[in-house]
Amino acid sequence: MNIAIIGAAGRAGSRIQAELLRRGHAVTAIVRDPSKVAAAPGLTVKTGDANDAATLAPLLAGHDAVVSAVMFLLGDADSLIGAVKASGVPRYLVVGGAGSLEVAPGVRVLDLPEFPEAYRAEATKGAEFLDRLKAEPDLNWTFLSPSAEFVLGERTAKFRLGADGLLADESGRSWISYEDFAVALADEIETPKHERKRFTVGY
């Protein structure tokens, strides 16, 4: 497949890029600073701004799917969604956040009194982005939320998938590596099971 990644230089984006290339897909990395992306077989690097829909849309056109790995505080939902719709690309996948996941019916991680204040603004924007996608009548989107801890780690390809509820392992820890998150997202691109839905991944 031919897949574009907006924000390919970040922690999530770079690992998604590596996973897709590993599987033999052609990847277009769209970043503000091309010098931050190393050359690799199957990779094309283009300069683009996530907040400039007019110039972003032509960079996305012709791809089979677009992955957005931009921090929510740094990207404008209307610009990103508008660019994807204008490009005509059939699938849009978003690296989501854990704040909008539920720990009980109607109770989000973001709503807990112990939620870290340092992450509140980003988590709130992520929840708003998800709501914005849900209101789109035609766009074929997928929003993949990581677990509470999104960490540098290893590619094990052993994890669990969930829907809107926060996942935790046997010890009660909610976590996923960037590497395994990338595996879950690449699996979804290759074999769609969560079109127009949010899902989550964790150990």
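Heads up: the sequence shown begins at 1 in the UniProt record's numbering, then just goes up one per residue. Heads up, the beta-carbon is just placed ideally off N, CA and C, and yes, glycines get one too. Keep in mind the model is a prediction, meaning the values are calculated, not measured.
Item, Value
"CB of F159 within 8 Å of CB of V201, strictly", "yes"
"Own chain, CB closer than 7 Å to F199, minus 5 neighbours either side, in chain order", "L144, L161, G162, A163"
"Cβ shell of L60 (< 7 Å), same chain only, five flanking positions each side left out", "A4, V66, A83, V84, S87, V89"
"Beta-carbon separation (whole angstroms), A157 vs V183, contact threshold 8 Å", "5 Å"
"Beta-carbon proximity check, D52 vs R32, cutoff 8 Å", "no"
"8 Å contact criterion, which I81 and L139 should meet: CB distance rounded", "7 Å"
"For A54 and F150, the rounded distance between their alpha carbons", "32 Å"
"Bridge partners - N2, DSSP secondary structure assignment", "A26"
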